[in-house]
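Just so we're aligned, residue 0 is where the sequence shown starts under numbering that gives the first Met the number 0, counting upward by one. Before any comments, here is the structure.
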Amino acid sequence: MAFGTGIRGKDASTNGSATLGGLNFPVLAAGAQPEFVGLDQINFGPIPRELAGRGVVNLVYRLQSKDANSVTLTIK
0 MAFGTGIRGK DASTNGSATL GGLNFPVLAA GAQPEFVGLD QINFGPIPRE LAGRGVVNLV
60 YRLQSKDANS VTLTIK
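Right, dumping it as structure tokens:
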């Protein structure tokens, strides 16, 4: 799960796409976060098993041909 802004105005036909450590990372849902005004939420699928023990990886979310700022994660 990740949080940001500017996601709720997206094309309703897509949740965008994501990569984690260069691998496809399922985007399950993206839109307005129900409890906080102005905050949006992205729900991702399970972390690919291939990333186990990989250490530092980048999460990149792409929506309507634009990449959001990447996030660095550490996977043990």
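Positions of the beta carbon are idealized from the N, C-alpha and C atoms, including for glycine. A quick note: this is a predicted structure, and the numbers were derived from the prediction, not measured.
>> Out of Phe2, Ala17, Met0, which one is the CA nearest neighbour of Gln63?
In response: Taking each of Phe2, Ala17, Met0 in turn and checking the Cα distance to Gln63, the smallest one comes out for Ala17.
> When DSSP builds the beta bridges, which residues end up paired with Ile74?
Replying inline: Gly54
>> So the candidates are Val26, Thr4, Ser12, Leu50; which of them puts its Cα closest to the Cα of Gln32?
In response: Thr4
> What residue from Phe43, Arg48, Phe35, Ala29 has the CA that sits closest to Leu58's CA?
Replying inline: Phe43
>> Helix, strand or coil, according to DSSP, for Arg61 in the structure here?
In response: In this structure, Arg61 counts as strand in the three-state DSSP scheme.
> Whose C-beta lies closer than 8 Å to the C-beta of Met0 among residues of the same chain, with five residues either side of it excluded?
Replying inline: Gln40, Ile41, Asn42, Phe43
>> Checking 8 Å against the spacing of the C-beta atoms, do Leu38 and Val56 come in under that value?
In response: no
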